[in-house]
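Following: one structure in structure tokens, then a few remarks.
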Amino acid sequence: MITLQTSSSFISALTCSGCNREYSFYERATFSACCQKPLLSMYDNSERIPQTILHSRPTNMWRYREMLPLLEDANMVSLGEGFTPIFTLKKWASKYDFDSILMKDESINPTGSFKARGLSMAISKAKELGVEACIIPTAGNAGGAMAAYCAKADIEATVVMPCHTPQVFKDECELYGATLILVDGLINDCGKQVAALKQTKPYYDVSTMKEPYRLEGKKTMGYEIAEQFNWTLPDVILYPAGGGTGLIGIWKAFAEMKALGWLRKDIRLPRMYAIQAENCCPVVETWNHNQTNCLNYKGKPSIANGLAVPQPFAEQLMLDVLKESGGLPIAVSDQDMLASMKEIAKTEGMIIAPEGAALFSALITLTKQKQIQPSEKILILNTGSGYKYLENL
Ligand SMILES: *Cc1c(COP(=O)(O)O)cnc(C)c1O
Ligand SMILES: [Zn+2]
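Numbering (the working numbering), first residue to last: 223 to 615.
Printed below as a string of structure tokens:
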């Protein structure tokens, strides 16, 4: 393992995703003042580095150090997140006549979900920017992850969560020393509570896509997928979309790797499918022209807590990824998620999160609709551990 060098980040700017206006990355950033849109981290790839540099790197998401926005290594707050395995699900694939189903298993991340990637990055940046108190509205997993990284970083943590969330999501926050506030409603109602609390104290708000760096942590899934596929890519990626960080991040990573020369310029990028819960599917509704956008969408809770996001701030970026990649969004019922969760446990020996389970139901539907061919190389992202949800069943 090599020692990482100080200021090895290639970050060059933060830009507005609406109009490309530049913002400083030396100050605490939220979203763009000009368009009220998410900010994106840009990198200077003029100093090209070969992928072989990765051979000696640590087996976590920080192996892509140059393409992450942290300036000083000393501010890194890591619990070993990322570089998760990709499994072949032979039994399930043959049961449904697929040639190959691959599943990247994010459940082994610290705090049991891929939220660890985003929060490791965001809390490292918070530390670098001298933040003393962080606050987050969460459907569950993001709150636990933020609490853990804040504990390690010595930053005060406040987590605002729907009261119907399973007990373990609440208990972990308190064990990590966070202040937990419960709200009767969904994550957008928690967001309103966060806005009120920010009037009383200068909290750093790490709400999904209203803070630029969780996206940078989540994008490392895209880097890993390319590296683990030996610098090729699958034909299809299924992703359970709530706020959409992973969907947007993976797509961003593919573009960055092309610019870096790590992926061929003419490579065919995967079709990206966003899977939502029938109880809360704003992106599906907008895609199907049942509404102009999600701003007035009202959702209901789902056993897949992470998918109960009625008004995702980055909706437009999600729609852009789906359109550019040739994929689409689709909704799955709670009942079907539950059935898939049980089936994967029995056939593959893995208790996956209901969010991940939703992808298996969606895949069967999409294949029946001829959106996906059984001969294609299909990658499913199991975003979390099912163990935290057992109370929901
Ligand atoms: C948060 C979460 C999601 C949704 O992720 P987004 O980045 O908000 O789209 C999916 N699965 C699990 C297990 C989650 O915790
Ligand atoms: Zn703008």
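The C-beta atom is built at its ideal place from N, Cα and C for all residues, glycine as well.
The model shown is predicted, which means the values in this text are computed figures rather than measured ones.
With contacts defined by Cβ atoms closer than 8 Å, residue 483 and residue 440 do not form a contacting pair. C-alpha of residue 508 to C-alpha of residue 309: approximately 33 Å in a straight line. Residue 230 is bridged by DSSP to nothing; it lacks a bridge partner. The shortest C-alpha to C-alpha distance from residue 436 to any of 426, 444, 424 and 467 is the one to 467. The continuous beta strand (DSSP E) containing residue 263 extends over residues 261-265. When distances are taken from the beta-carbon of residue 333 to the heavy atoms of ligand 1, even the shortest one reaches 7 Å or more. When the alpha-carbon of residue 603 is set against those of 233, 295, 307 and 586, the nearest one is in 307. The chain-ordered list of residues whose CB is nearer than 5 Å to some heavy atom of ligand 1 reads 335, 363, 462, 463, 464, 465, 466, 467, 468, 528, 575, 577, 605 and 606. Look at residue 467 here: in three-state DSSP terms it is helix. From the listed residues 262, 232, 325 and 252, the smallest Cα separation to residue 570 is found for 325. Distance between residue 323 and residue 387, taken at the CA atoms: about 31 Å. In this structure, residue 529 sits away from residue 495, with a CB-CB distance that is not shorter than 8 Å. Residue 236 and residue 251 do touch by the CB rule: their CB atoms are close to 6 Å apart, below 8 Å.
Within the DSSP bridge table, the entry for residue 325 names 309 and 602 as partners. As a beta-bridge residue in DSSP terms, residue 499 pairs with 502 and 554.
Residue pairing by DSSP places residue 461 opposite 496 in a beta bridge. The three-state reading of DSSP puts residue 384 in strand, counting E and B together.
At least one heavy atom of ligand 2 lies less than 7 Å from the C-beta of residue 254.
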